[in-house]
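Heads up: the sequence shown begins at 16 in the numbering used here, then just goes up one per residue.
Down below is the structure, laid out as structure tokens.
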Amino acid sequence: MAKKLSDAEIQKKANEIRREVIRMVHAAGCGHPGGPLGLADIYAVLFFDILKHKPKQPDWDGRDRLLISNGHVSAVRYAAMALSGYFPVEELLQFRQLGSRLQGHPSTRYLPAVENSSGSLGQGLSNAVGLALGAKQQKKNYRVYVAMSDGECGEGMTWEAAQAAVHHRAPVIAFLDNNGIQIDGYTKDVLDLGDLEKKFASFGWKTRREDGHDIKAIRSAFEDSLIYDAGPQMIVFDTVLGKGVSFMEDQPGWHGKAPNDELAEKALAEIASAMAG
């Protein structure tokens with residue numbers, strides 16, 4: 016069994032993910048850097064501590080299933096996959112290129128261990144609920160996780176799935192990137208969603224809310240989720256879009272824009288400084 020990483024070691028992995036996100040999006044000249052930077056801590060905990068997976072056997076039947084509903088944050092997943100050994104880190108620079116396995120939105124057609132093709136927002140929870148119910152019916156012992164975003168909760172399908180998950184007691188573990196930003200601006204201005212933790216709780220979900228940049232809190236939330244399998248769970252993580260790069264933090268303009276050479280160099284320098292400190 017691999018040695019369990021300390022919180023500090025997980026934090027280092029998170030900053031390595033941030034570094035690769037900047038390199039990928041800069042090389043592509045397009046993409047979404049803000050969300051992936053804000054999710055790096057969560058994905059570091061998942062890939063290096065929580066998920067049951069075998070990077071050298073990506074189709075292993077016993078693997079936990081991780082679905083991504085907000086597929087535009089694909090860079091964070093690809094970076095975490097490469098750094099955990101699914102494929103060479105150098106391949107990340109093929110992100111969003113013609114013929115690459117690393118499409119702008121993950122596709123089951125191109126890359127093993129991608130559990131759902133995404134792009135249209137709001138569909139991931141429905142996919143995950145169905146997959147979790149199938150695993151329950153077949154008495155499989157893997158867990159089903161689904162990554163979601165606050166902005167996509169404006170889609171009605173999300174709430175249909177939320178209701179069905181409770182009715183059928185789907186043992187799905189959802190986690191939500193609550194950064195308050197979407198492509199058209201601040202979520203409260205586009206469509207005020209209120210308190211999403213309370214909304215899911217009102218449907219009957221087991222919920223909790225944590226700081227999405229606190230490694231210890233993230234680990235605790237996911238570890239506790241493994242104890243419960245009587246129904247759906249939602250972890251709302253409060254995050255900062257662009258976390259780790261000062262000029263991107265909490266700026267809607269960096270939801271979906273690649274940095275130029277000068278800004279990419281500045282971003283990488285800030286991340287390197289955090290890693291050295």
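The beta-carbon is built from N, C-alpha and C at its ideal position, and this holds for glycine as well.
Exercise for review: Please list the segments of the beta strand (DSSP E) lying wholly inside the segment 170-232, counting only runs of 3 or more residues, in order along the chain.
Suggested key: 187-193 and 221-226
Review point. Who are R80's beta bridge partners in DSSP?
Key: V159
Exercise for review: Note the first and the last residue of the continuous beta strand (DSSP E) segment covering Q109.
Suggested key: From DSSP, Q109 is part of no beta strand (DSSP E); its letter is neither H nor E.
Check your understanding: Would Y58 pass as a contact of A94 if the rule is Cβ separation under 9 Å?
Key -> yes
Review point. In its own chain, which residues sit with a C-beta less than 6 Å from the C-beta of D244, not counting the 5 before and 5 after it?
Key: P186
Review point. Do S84 and V144 have their CB atoms nearer than 9 Å?
Key: no
Check your understanding: Within this structure, are the beta carbons of D64 and K19 separated by less than 9 Å?
Key -> yes
Review point. Less than 8 Å between the CB of K281 and some heavy atom of the ligand FMN, yes or no?
Key: The model depicted lacks the ligand FMN and carries no ligand whatsoever.
**Study point:** Alpha-carbon to alpha-carbon, A90 and M16
**Key:** Its pLDDT being 46, under 50, M16 is placed unreliably in this model, and the coordinates cannot settle the point.
Exercise for review: Scan the segment 18-96 and note each continuous alpha helix (DSSP H) run of 4 residues or more that stays entirely inside, going in chain order.
Suggested key: 22-43 and 49-60
**Study point:** Three-state secondary structure (DSSP) of M16
**Key:** With a pLDDT of only 46 at M16, under the threshold of 50, the placement of this residue in the model should not be trusted; the figure read from the coordinates follows. Looking at M16 - three-state DSSP - the assignment turns out to be coil, as it is neither helix nor strand.
Check your understanding: Shortest alpha-carbon distance to E170 belongs to which of D239, D276 and D207?
Key -> D207
**Study point:** CB of W220 within 9 Å of CB of Q266, strictly
**Key:** no
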